[in-house]
Amino acid sequence: MTSEPPLPATLPTGLAERILQRTIEAVTISDAAIRVLWVNDAFTRLTGYSLDEMRGNNFRVLRSGHHDPGFYKHIEACIQRDGVWEGEIWRRRKNGEIFPAMLTITGLRDPDGAITHYVDFFNDLGNFKNHQQRIEYLVNHDALTGLPNRNALQERLENAVSRARRNNTQLALLFVDLDRFKRINDEHGHLFGDHVLREMAERLRQNVREMDTVARLGGDEFIILLEDVTSHDDARVVAGAILAGFDQPLLVNNVPTPISVSVGVSLFPRDATTVEHLINRSDAAMYAAKRAGRNRICFTE
Numbered sequence: 001m002t003s004e005p006p007l008p009a010t011l012p013t014g015l016a017e018r019i020l021q022r023t024i025e026a027v028t029i030s031d032a033a034i035r036v037l038w039v040n041d042a043f044t045r046l047t048g049y050s051l052d053e054m055r056g057n058n059f060r061v062l063r064s065g066h067h068d069p070g071f072y073k074h075i076e077a078c079i080q081r082d083g084v085w086e087g088e089i090w091r092r093r094k095n096g097e098i099f100p101a102m103l104t105i106t107g108l109r110d111p112d113g114a115i116t117h118y119v120d121f122f123n124d125l126g127n128f129k130n131h132q133q134r135i136e137y138l139v140n141h142d143a144l145t146g147l148p149n150r151n152a153l154q155e156r157l158e159n160a161v162s163r164a165r166r167n168n169t170q171l172a173l174l175f176v177d178l179d180r181f182k183r184i185n186d187e188h189g190h191l192f193g194d195h196v197l198r199e200m201a202e203r204l205r206q207n208v209r210e211m212d213t214v215a216r217l218g219g220d221e222f223i224i225l226l227e228d229v230t231s232h233d234d235a236r237v238v239a240g241a242i243l244a245g246f247d248q249p250l251l252v253n254n255v256p257t258p259i260s261v262s263v264g265v266s267l268f269p270r271d272a273t274t275v276e277h278l279i280n281r282s283d284a285a286m287y288a289a290k291r292a293g294r295n296r297i298c299f300t301e
């Protein structure tokens, strides 16, 4: 049986550098005075600075201006105490562009415990953050209209009710439903119906204050949240403006499309004291408006 050759006591010459060159993270090695000794190719691709430009310099050229001196003192204190620091930092590329990075700095010590070198690993968080923001947007917004969806509305309603309860103020909830939407879909198709819903969402936005919330529950159902109303008259004015906003036909694919809406209104705390009850009461009022002939406003009784 052939015996295996003994393992070498150290890595082959140059292997560590080849490994660091292959990593997708930017890597830098600096001395105890934080003068750069080496950077990998990923560093150059990420920052625009070559090894020749960085060798012997410190990292001030990468500073973004987003952090005060105390931030960097905190990093140094962590490395001295724990041997490592990891966190988010804003850095500056050679072209002046600022970007977020996830940075890990490790201090290498000699046998006496003194730090002799620093090794930095970092990557660009920009794409990750953009992706994360996109996911958060999709979770909280309706894909068709761009309005807040049921999930976002629930959170906004809970916060609004808490504020109203704390400040002893009122809020109004308007449940808006498109009249005879099924007929539109049946006669013109669902793609046409989607265009109608987008145009409807835009008209709703145009007839409320910037501080108000317009959300889509699903289908042809929309909710409008009005905070700091003084009476049901305030809600009636907004609801009336919404009805009037549909006096003119929608222009969908150059096709004039007459539509109307039915609006149900409930007030906190007069009609309901919980989010669920508030939605249910305004929903019931909306159906009462439909039974009364559509294209009208009905308040919770």
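Mapping of the sequence shown onto our numbering: position 109 corresponds to residue 109, and the numbering continues sequentially without gaps. Cβ atoms here follow ideal geometry from the backbone N, Cα and C, with glycine treated the same way.
_Three Cβ pairs or more, each shorter than 8 Å: is that satisfied between the region 226-242 and the region 262-269?_
Touching, per the Cβ criterion.
Point to revise | Those runs of the beta strand (DSSP E) which lie wholly inside the region 102-131 and span at least 3 residues | key: 115-124
- Hey, would you say T145 sits closer than 8 Å to R216, going by beta carbons? In the sequence shown, residue 145 corresponds to position 145, counting from 1. In the sequence shown, residue 216 corresponds to position 216, counting from 1. Cβ distance < 8 Å, so T145 and R216 count as in contact.
Please return the same chain residues whose Cβ sits closer than 8 Å to the Cβ of D124, not counting the five positions on each side in sequence.
The count along the sequence shown starts at 1 and reaches residue 124 at position 124. Hits under 8 Å: L46, F99, P100, A101.
Report yes if the CB atom of E84 is closer than 8 Å to the CB atom of T116, and no otherwise. Counting from one through the sequence shown, the residue named residue 84 turns up at place 84. Counting from one through the sequence shown, the residue named residue 116 turns up at place 116. Checking the sequence shown, residue 84 turns out to be Val, not Glu. Not in contact: V84 and T116 (Cβ atoms no closer than 8 Å).
ask   = Hey, out of I19, R18, E76, whose CA is closest to A32's CA?
value = Indexing the sequence shown from 1 puts residue 32 at position 32. Nearest option by C-alpha distance: E76.
What is the rounded straight-line gap between the Cα of N58 and the Cα of N40? Locating residue 58 in the sequence shown gives position 58, counting from the first residue. Locating residue 40 in the sequence shown gives position 40, counting from the first residue. If I take the Cα positions, the gap works out to 16 Å.
* Between L147 and E199, which are expected to be in contact by the criterion C-beta below 8 Å, what is the C-beta distance as a whole number of angstroms? -> Residue mapping note: residue 147 aligns to position 147 of the sequence shown, counting from 1. Residue mapping note: residue 199 aligns to position 199 of the sequence shown, counting from 1. Wrong, their Cβ atoms sit about 13 Å apart, outside the cutoff.
H66: which of R291, R91, R18, A289 sits nearest, CA to CA?
Working through the sequence shown from its first residue, we reach residue 66 at position 66. Checked all of R291, R91, R18, A289; the closest Cα to H66 is R91.
- How do the region 174-188 and the region 128-142 stand: do at least 3 beta-carbon pairs fall below 8 Å, yes or no? Pairwise C-beta distances place the region 174-188 out of contact with the region 128-142, as fewer than three of them are shorter than 8 Å.
Check your understanding: Going by Cα to Cα distance, which pick from F175, I242, T213 is closest to A152?
Key -> To locate residue 152, count along the sequence shown from 1; it is residue 152. It is T213.
Discussion item. Can you tell me where the beta strand (DSSP E) holding T28 begins and where it ends?
Written reply: Here residue 28 is taken as the residue at index 28 of the sequence shown, counted from 1. Counting along the chain, the beta strand (DSSP E) containing T28 begins and ends at 26-31.
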